[in-house]
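If you use mature numbering (1 follows the signal peptide of the UniProt record, and there is no 0), the sequence shown corresponds to residues -19 to -1, 1 to 525, in order.
All C-beta atoms, glycine included, are put in the ideal place defined by N, C-alpha and C.
All values derive from a computational prediction rather than experimental measurement.
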Amino acid sequence: MGPGARLAALLAVLALGTGDPERAAARGDTFSALTSVARALGPERRLLGLLRRYLRGEEARLRDLTRFYDKVLSLHEDSTTPVANPLLAFTLIKRLQSDWRNVVHSLEASENIRALKDGYEKVEQDLPAFEDLEGAARALMRLQDVYMLNVKGLARGVFQRVTGSAITDLYSPKRLFSLTGDDCFQVGKVAYDMGDYYHAIPWLEEAVSLFRGSYGEWKTEDEASLEDALDHLAFAYFQAGNVSCALSLSREFLLYSPDNKRMARNVLKYERLLAESPNQVVTEAVIQRPNIPHLQTRDTYEGLCQTLGSQPTLYQIPSLYCSYETNSNAYLLLQPIRKEVIHLEPYIALYHDFISDSEAQKIREFAEPWLQRSVVASGEKQLQVEYRISKSAWLKDTVDPMLVTLNHRIAALTGLDVRPPYAEYLQVVNYGIGGHYEPHFDHATSPSSPLYRMKSGNRVATFMIYLSSVEAGGATAFIYANLSMPVVKNAALFWWNLHRSGEGDSDTLHAGCPVLVGDKWVANKWIHEYGQEFRRPCSSSPED
């Protein structure tokens, strides 16, 4: 193991051995909001500064070693160098007795690396935890699934959907960021450790391909090698039922590590299995994609997400319209808001330029210090779940007068009472890497839901404000309405969650599609039944 490898191993041990569990748990949520990911740039900049100082120290040390090497080499290049010269004889003895020992045991090298280690330990508590790496890897797999992205394309830094022979560019970055073999291995290993060979195999295959292309080149920062990738890929294929591929990869592993007894036993095992069942040579098991959580509407949901909010035929429906909305409210007479009716059943309206850039920025700034991992209601409890990846914060109206003004504007547009307890405080959400919220209802579907603790009934309506734009993905998909709404910066989306009878409208099942590229922020104002009795009168008709 070279000095770089020893350094990497030591840093890995330091990362596992320090820090308290509570801090590590908080760090484990870095991946769930992009603003938290962005904050991780600060510690890396500090680490870059430390590494720069280390490199400068090492460069000076190596220059001095080169000087010593050249000096001694010049003496050996002259074949006529007389050791009879007492001065040369003395310096030879001195070099062998003293100089070489000082060179080999120089404290300068250890001082340089000690300074780097000390600096690392100071910023270590601010670094992402292993749970963040797992979360980021799962996010890449989620994007791979929902948008049908090609793993080879992702490894090259391109976002391409591959369906049969058709290749569609979903997003073209200005600068390509390609992944290394070690990057792909880490994604594959996260899936592998979960027993998810559907995702593990393509990522490990790409890791093997990239490691093969750079075999023999050692990179200090890499944790894995070609042998590691072959080992994991072979077993993944075996678990998936493809013994032939497992055997081929295991034999390749032994070419690089012929003394590995475990792999030699695996080869014998695979050869015996193939001899007993010759059909295994040509039979490949079809690996089913895991469906966790079991989502009945997955195909519809993902199909809507794949449109990226682009549905031009929708706007050919004559009953949909645009208008300047005042809602007969004096507050809006001088500055009506552009309203676009997106859907009729359920009723969904988009209000363009509902807030200004400065208002959106202030809301994000107010919320950022208070962001915590988003939860969902499960019976009487609220839980963190894999199908909702974001962080959220609640802002009271007392935080800033601008929030009071915002509430007046929402009330004027909707005609509803949005004062507490008739509406919840403004919830601000920042989505993480591949951040999403799978199909769900905003209204409570169980009498034991925590929503009823407000003693103001169910959520009758949702008013969702887009506080940012995204470059790709992140659409709001209404599953049964067959509608996908793209993120429209500063616009607000409004819909009724309940029929006038008080029954939940099942057609409002909706989802936040994974953010492919960008930093998605939204603010939700959930309005409850109580307080709206004369503003939205009840009806016994289930259709109203």
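Suppose you measure from the CA of residue i to the CA of residue j; what does that come to, to the nearest Å?
{"i": "ASN310", "j": "ARG319", "result": "15 Å"}
{"i": "ALA5", "j": "LEU315", "result": "Unreliable placement is indicated for ALA5, whose pLDDT of 37 sits below 50; the coordinate value is still reported in the next sentence. Roughly 52 Å separates the two Cα atoms."}
{"i": "TYR403", "j": "LEU432", "result": "12 Å"}
{"i": "SER190", "j": "GLY284", "result": "31 Å"}
{"i": "ALA110", "j": "LYS343", "result": "30 Å"}
{"i": "GLU340", "j": "GLN408", "result": "15 Å"}
{"i": "LYS75", "j": "ALA117", "result": "57 Å"}
{"i": "VAL84", "j": "LYS200", "result": "26 Å"}
{"i": "LYS377", "j": "ALA19", "result": "26 Å"}
{"i": "LYS436", "j": "PHE475", "result": "23 Å"}
{"i": "THR72", "j": "LEU32", "result": "37 Å"}
{"i": "ALA210", "j": "TYR237", "result": "12 Å"}
{"i": "LEU43", "j": "GLU92", "result": "14 Å"}
{"i": "VAL357", "j": "SER373", "result": "11 Å"}
{"i": "PRO350", "j": "ASN411", "result": "12 Å"}
{"i": "TYR179", "j": "TYR218", "result": "10 Å"}
{"i": "PHE192", "j": "LEU387", "result": "55 Å"}
{"i": "GLY169", "j": "MET244", "result": "20 Å"}
{"i": "residue 536", "j": "GLU257", "result": "Since the first and last residues shown for the chain are -19 and 525, residue 536 lies out of range."}
{"i": "VAL399", "j": "ASN505", "result": "12 Å"}
{"i": "ASP150", "j": "LEU289", "result": "12 Å"}
{"i": "ALA21", "j": "ARG516", "result": "47 Å"}
{"i": "PRO518", "j": "ILE268", "result": "53 Å"}
{"i": "GLU524", "j": "ASP423", "result": "19 Å"}
{"i": "VAL322", "j": "TYR302", "result": "6 Å"}
{"i": "VAL127", "j": "LEU254", "result": "36 Å"}
{"i": "ASN247", "j": "SER79", "result": "53 Å"}
{"i": "GLY416", "j": "ARG354", "result": "12 Å"}
{"i": "HIS421", "j": "LEU490", "result": "5 Å"}
Please list, in chain order, all residues of the same chain as residue i whose beta carbon is under 6 Å from its beta carbon, the five residues on each side excluded.
{"i": "TYR251", "result": "VAL224, ALA227 and LEU228"}
{"i": "PRO2", "result": "Confidence in PRO2 is poor, its pLDDT being 37 and thus under 50, which makes the residue's placement too unreliable to answer from."}
{"i": "TYR312", "result": "ALA393"}
{"i": "VAL64", "result": "ALA70"}
{"i": "ASP107", "result": "PRO24"}
{"i": "MET122", "result": "HIS180"}
{"i": "ALA205", "result": "ASP163 and PHE166"}
{"i": "THR278", "result": "PRO420 and ILE460"}
Thinking C-alpha only, which one of the options is nearest residue i?
{"i": "VAL496", "options": "GLN125, PRO401, GLY134 and GLU233", "result": "GLN125"}
{"i": "LEU331", "options": "SER339, ASP240 and MET466", "result": "MET466"}
{"i": "PRO317", "options": "ILE323, PRO327 and SER304", "result": "SER304"}
{"i": "GLY145", "options": "VAL104, ASN131 and ILE460", "result": "ASN131"}
{"i": "VAL441", "options": "TRP477, ALA492 and TYR461", "result": "TRP477"}
{"i": "LEU157", "options": "LEU479, ILE391 and VAL139", "result": "VAL139"}
{"i": "LEU384", "options": "PHE12, SER337, LYS470 and GLY415", "result": "SER337"}
{"i": "PHE166", "options": "GLU202, GLU186 and ASP177", "result": "GLU186"}
{"i": "LEU464", "options": "ILE329, LEU121, PRO24 and ARG246", "result": "ILE329"}
{"i": "THR11", "options": "GLN363, GLU58, ARG95 and GLU115", "result": "GLU115"}
{"i": "ASP99", "options": "GLU524, ARG390, ARG34 and TYR461", "result": "ARG34"}
{"i": "GLU484", "options": "ARG434, SER522 and GLU204", "result": "SER522"}
{"i": "PRO382", "options": "ARG354, PHE347 and GLN363", "result": "PHE347"}
{"i": "SER195", "options": "GLY162, ARG354 and TYR173", "result": "GLY162"}
{"i": "LEU36", "options": "ALA147, TYR173, ILE460 and ALA96", "result": "ALA96"}
{"i": "GLU81", "options": "ALA90, ASP59, PHE49 and GLU112", "result": "Position check: residue 81 holds Trp in this sequence, whereas Glu was assumed. Minimum Cα distance to TRP81 is reached at PHE49."}
{"i": "VAL53", "options": "PRO67, LEU77 and ALA41", "result": "LEU77"}
{"i": "ALA271", "options": "TRP375, ALA147, ASP177 and THR16", "result": "Rather than Ala, the amino acid found at residue 271 in this sequence is Pro. Of TRP375, ALA147, ASP177 and THR16, the residue nearest in Cα terms is ASP177."}
Would you grab the beta carbon distance between residue i and residue j for me? Rounded to a whole angstrom, and I think it's under 8 Å.
{"i": "TYR418", "j": "ARG369", "result": "5 Å"}
{"i": "LEU160", "j": "ALA181", "result": "At roughly 16 Å, the Cβ-Cβ gap does not stay under 8 Å, so LEU160 and ALA181 are not in contact."}
{"i": "MET445", "j": "VAL503", "result": "6 Å"}
{"i": "GLY499", "j": "GLY455", "result": "6 Å"}
{"i": "TRP507", "j": "THR443", "result": "6 Å"}
{"i": "VAL104", "j": "LEU28", "result": "6 Å"}
{"i": "LEU214", "j": "LEU230", "result": "6 Å"}
{"i": "LEU276", "j": "SER300", "result": "Not quite, the Cβ-Cβ distance comes to about 31 Å (not below 8 Å), so this is no contact."}
{"i": "ALA492", "j": "ILE460", "result": "7 Å"}
{"i": "ALA14", "j": "LEU352", "result": "6 Å"}
Leaving out five residues on either side along the sequence, give the residues of the same chain with a beta carbon under 7 Å from the beta carbon of residue i.
{"i": "SER520", "result": "ARG481 and SER482"}
{"i": "GLY438", "result": "HIS509, GLU510 and TYR511"}
{"i": "LYS470", "result": "TYR447, SER449 and SER450"}
{"i": "residue 611", "result": "Beyond the ends of the chain as shown, which are -19 and 525, falls residue 611; an answer cannot be given."}
{"i": "GLU39", "result": "ASN93"}
{"i": "LYS133", "result": "GLU187"}
{"i": "ARG26", "result": "none"}
Who are the near neighbours of residue i in its chain, counting only those whose CB is closer than 8 Å to its CB and skipping five residues on each side?
{"i": "GLU306", "result": "LEU313, PRO317, ILE318, ARG319, LYS320, TYR332 and LEU394"}
{"i": "ASP334", "result": "ILE318, ARG319, ASN471 and ALA472"}
{"i": "GLN363", "result": "VAL356, VAL357 and PRO431"}
Indicate whether the contact test is met: 3 or more Cβ pairs, each with one atom in the stretch 449 to 459 and one in the stretch 421 to 432, closer than 8 Å. no
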